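Student:
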Amino acid sequence: YAGVIKPNHVTQESLNASVRSYYDNWKKKYLKNDLSSLPGGYYVKGEITGDADGFKPLGTSEGQGYGMIITVLMAGYDSNAQKIYDGLFKTARTFKSSQNPNLMGWVVADSK
Numbered sequence: 008y009a010g011v012i013k014p015n016h017v018t019q020e021s022l023n024a025s026v027r028s029y030y031d032n033w034k035k036k037y038l039k040n041d042l043s044s045l046p047g048g049y050y051v052k053g054e055i056t057g058d059a060d061g062f063k064p065l066g067t068s069e070g071q072g073y074g075m076i077i078t079v080l081m082a083g084y085d086s087n088a089q090k091i092y093d094g095l096f097k098t099a100r101t102f103k104s105s106q107n108p109n110l111m112g113w114v115v116a117d118s119k
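Plus 7 on top of the position in the sequence shown (first one is 1) and you've got this note's numbering.
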């Protein structure tokens, strides 16, 4: 792509292998589907800096959004990408914003 910086000292296959490896590590470390309150829901584990109203905070809306984009981009590699995306979307639609129900609330939290 014009105007994009791409390493010129590494082969395309090596770049692809690095991306696949990082994606696999990201899934192991951050991608979770252990919500007791939402079977089949996926979330991206992350820290929060605000009050979760007594709930166990697990992640944020930013993490959900990035996770959805990542799974779409990796769909050609990961045969489970559609299932993961659907689970991330399910979680995003379940944790709605109190200000605007068309948006996700800022935190993913599990039962108190």
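Beta carbons are placed, not taken as given, at the ideal position from N, Cα and C, and that holds for glycine. Model, not experiment: these values are computed from the prediction.
1) For N40 and Y50, I'd like the C-alpha separation in whole angstroms.
2) Alpha carbons only, please: which of G83, K13, K63, A82 is nearest the one belonging to S43?
3) G122 to S21, Cα distance in whole Å?
4) Taking the Cβ atom as the reference point for each residue, do T78 and A88 lie within a distance shorter than 8 angstroms?
5) Answer with buried or exposed for G94, where buried requires no fewer than 16 other C-beta atoms within 10 angstroms of its C-beta.
6) Our contact map puts G53 next to G70 with C-beta atoms below 8 angstroms; I'd like the distance itself, whole angstroms only.
7) Do the CB positions of L45 and K90 come within less than 8 angstroms of each other?
Tutor: According to the structure shown:
1) Reading the sequence shown from its first residue, position 33 is the one you call residue 40. Reading the sequence shown from its first residue, position 43 is the one you call residue 50. Take the alpha-carbon of N40 and the one of Y50: they are about 6 angstroms apart.
2) The residue labelled residue 43 in the question sits at position 36 within the sequence shown. Minimum Cα distance to S43 is reached at K63.
3) The structure shown does not extend to residue 122, since the chain is modelled only from 8 through 119, so no value can be given for it.
4) In the sequence shown, counting from the first residue as 1, residue 78 sits at position 71. In the sequence shown, counting from the first residue as 1, residue 88 sits at position 81. Yes; because the gap between Cβ atoms is below 8 angstroms, this pair is in contact.
5) Along the sequence shown, read from residue 1 onward, the residue named residue 94 stands at position 87. With 16 or more other Cβ atoms from the protein chains shown falling within 10 Å of its own Cβ, G94 counts as buried.
6) On the sequence shown, residue 53 is found 46 positions in, with the first residue counted as 1. On the sequence shown, residue 70 is found 63 positions in, with the first residue counted as 1. Yes, G53 and G70 are in contact; Cβ-Cβ is about 4 angstroms, under 8 angstroms.
7) For the purposes of this step, residue 45 is taken as residue 38 along the sequence shown, with counting starting at 1. For the purposes of this step, residue 90 is taken as residue 83 along the sequence shown, with counting starting at 1. Cβ distance not < 8 angstroms, so L45 and K90 don't count as in contact.
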